[in-house]
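2 protein chains.
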Amino acid sequence: MLKICEKNKSFNGFQEVYEHQSSTTKSKMRFAVYKPKNSKNCQVLFFLSGITCTEQNFIQKSGYQKYASNKNIAVVVPDTSPRGKNIPDSEDYKLGCGASFYLNALTNPWSTNYNMYDYVTLELPKIIEDNFNFDIKKLGIFGHSMGGGGAIQIALKNPNIFKTVSAFSPICSIIKSDFSKKTIQEYLGSNVDSINTYDPITLIKLLQREDTIKIDVGLDDEYLENLYIKEFEKECQKHNQKLEINYHQGYGHNYYFIHSLIESHFQFHSSLI
Amino acid sequence: MLKICEKNKSFNGFQEVYEHQSSTTKSKMRFAVYKPKNSKNCQVLFFLSGITCTEQNFIQKSGYQKYASNKNIAVVVPDTSPRGKNIPDSEDYKLGCGASFYLNALTNPWSTNYNMYDYVTLELPKIIEDNFNFDIKKLGIFGHSMGGGGAIQIALKNPNIFKTVSAFSPICSIIKSDFSKKTIQEYLGSNVDSINTYDPITLIKLLQREDTIKIDVGLDDEYLENLYIKEFEKECQKHNQKLEINYHQGYGHNYYFIHSLIESHFQFHSSLI
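Line by line, the protein sequences are chains V and S. Residue numbers 1 to 273, in my numbering, belong to the letters of the first sequence in order. Residue numbers 274 to 546, in my numbering, belong to the letters of the second sequence in order.
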């Protein structure tokens, strides 16, 4: 049962926000949906946001609705983690609420609720299929920072669910990045196999996609050395993964960068479907 | 002395935020500036935001940078009021910080600091002229809600400073609107002449502009009856003020509406300079 929380006309469609009880995260979850005007059987994109974000940041700040409207693409933006008074959290912004890293946690107290990998790959696609008239077979995924890495690790393992993939400034090594290296130990303990399952650089050595992965990153990104994008690029070359990567002079890690490049991601995803 | 607080590349220019000590409001003030790539002698627009906003709302949510970049227009976005621990405020969001209504207050405790009319018409244009290489003679003004009404009342009295004017969902009657009728009594007492000076509908009977005023408003605007736009339109017709007014089916009072229509405002202002 979906409860609608927000509905606002934006360009030719509507920007909506829904709430529901998730069986995967055992909590209430919110996600945003952009419904373009002619939504019947339209293409769908999932956008995964970065650390500290909710479903609101991308829908308020990226300016994407213009392109979703023009290209008649539905966009689904989940929250970045479960939330609520019974949901484990921490004072570190890199762990707990807002910082799920889109994985299934294995350890206490996280494993009951922090199952965002299953939420994004199983529960949410089913909810969208059951409640909206979009064509879930034309589903792609993209994201930013933590969510850019999340989009890549999810897409590499699920090419049958996610037909296209792109990322802004993705964290390509959850093992090495200062954003994630402690967090994944909290969520996954010392289970190296499981950690590797969520690590884009490790995965790309084992799994490649037939379609191109698109990445954009700013050269003035204040976190550039914590993203490990060059290392990911090198592994893509080594393992023949087609990669369209662009480094952009002057841009940072923020939504001003995403907004400046967002049109090209809609062009990319629509060109492949 | 301007202190730079934020600088982020956005499209071909930079979105910046500055802080300075204002002689008009006797407080620190922040304003945002979008510097397009070729800013020398470029056109400038001031954007006045609505109640509760700071300089951040418009720069994060409206998506305007794409058009400012394309058309090489600088945009200056002041905060909506003075702020700080020594600045009078109230618990009512319609009075005090975030709700200056762009007038010069006459009564205690407001009159020392709440001089946003002078700030926008005198101090800020001078600061921009002295610190940036834009052409201040090509200055226009626009705004939203409280700021839409503010843009209109300011432009009607200052055609030599502001060469073009437009508004999203403006409050056209500060005397009648529930957003302002109590507030203006707080700021201006029972001084009817002064109140009339800041009331768009009263002003348009006395002062008309040679150029067209552009207004956009959503027909699903939840505050439509508190904006008095139809009444303003009627007075414009009666007094031969050229008005380009468009009512848009389905849109509300929010930034999703502004974002959907923002391109047309850049087209409008650039076409007149």
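Yeah, the Cβ is synthetic: ideal placement off N, Cα and C, and Gly gets one too.
8 Å Cβ cutoff, residue i in contact with chain S
i	result
F11 of chain V	yes
G250 of chain V	yes
Y256 of chain V	yes
H259 of chain V	yes
D220 of chain V	yes
N8 of chain V	yes
Q43 of chain V	no
Q65 of chain V	yes
Q56 of chain V	no
In DSSP terms, what residue i is bridged to
i	result
S32 of chain V	First, the amino acid is wrong: residue 32 of chain V is Ala here, not Ser. A32 of chain V is bridged to V:V17 and V:V77.
S446 of chain S	The partner list for S446 of chain S (beta bridge, DSSP) is empty, contrary to what the question assumes.
V44 of chain V	V:A74 and V:L139
K276 of chain S	S:E292
N160 of chain V	DSSP output for N160 of chain V lists no bridge partner at all.
V165 of chain V	V:I141 and V:I213
A428 of chain S	DSSP lists no partner for A428 of chain S.
N469 of chain S	BP columns for N469 of chain S are empty, so no partner.
L516 of chain S	S:I486
H521 of chain S	S:G491
N104 of chain V	V:N115
G369 of chain S	S:A372
K9 of chain V	V:F14
S27 of chain V	V:S22
Nearest-angstrom Cβ-Cβ length linking residue i and residue j, presumed shorter than 8 Å
i	j	result
I171 of chain V	T121 of chain V	Going by Cβ atoms, the distance from I171 of chain V to T121 of chain V rounds to 18 Å, so no, they are not a contact pair.
Y198 of chain V	L103 of chain V	5 Å
Q127 of chain V	F134 of chain V	With the sequence shown as reference, residue 127 of chain V is identified as Ile, and Gln is not the correct amino acid for it. Between F134 of chain V and I127 of chain V the Cβ distance is about 11 Å, and since that is not below 8 Å, they are no contact.
E328 of chain S	F304 of chain S	6 Å
V33 of chain V	E19 of chain V	Actually they do not touch by this definition, with Cβ atoms about 12 Å apart.
Q60 of chain V	Q333 of chain S	7 Å
W383 of chain S	E459 of chain S	7 Å
Sub-8 Å separation of residue i and residue j beta-carbons
i	j	result
Y524 of chain S	S533 of chain S	yes
P361 of chain S	T298 of chain S	no
D211 of chain V	L124 of chain V	no
Y169 of chain V	H265 of chain V	Residue identity check: residue 169 of chain V is Ser in the sequence provided, not Tyr. For S169 of chain V and H265 of chain V, no; Cβs fall outside 8 Å.
L48 of chain V	I141 of chain V	yes
I184 of chain V	F232 of chain V	no
S300 of chain S	G371 of chain S	no
M29 of chain V	S23 of chain V	no
G416 of chain S	A440 of chain S	yes
S270 of chain V	Q65 of chain V	no
M146 of chain V	I51 of chain V	yes
F405 of chain S	A341 of chain S	no
S446 of chain S	Y501 of chain S	yes
L412 of chain S	F541 of chain S	no
S62 of chain V	I204 of chain V	no
G423 of chain S	F374 of chain S	yes
Beta carbon proximity, residue i to chain V, threshold 8 Å
i	result
K334 of chain S	yes
Q288 of chain S	yes
The ligand ZN heavy atom lying under 7 Å from the CB of residue i
i	result
I174 of chain V	With respect to the ligand ZN, the structure shown offers nothing to examine, as it has no ligands at all.
- prompt: Does the region 449-466 of chain S come close enough to the region 485-494 of chain S to have 3 or more Cβ pairs within less than 8 Å?
  reply: no
message: Below 8 Å, how does it come out for the region 26-39 of chain V and the region 236-250 of chain V: are there three or more Cβ pairs, yes or no?
response: no
task: Please confirm if the region 343-361 of chain S is in contact with the region 426-441 of chain S, defined as three or more CB-CB distances below 8 Å between the two stretches.
output: no
message: Within 8 Å, do at least three Cβ pairs link the region 255-270 of chain V to the region 209-219 of chain V?
response: yes
query: Counting pairs of beta carbons, one from the region 278-291 of chain S and one from the region 172-180 of chain V, are three or more of them closer than 8 Å?
result: no
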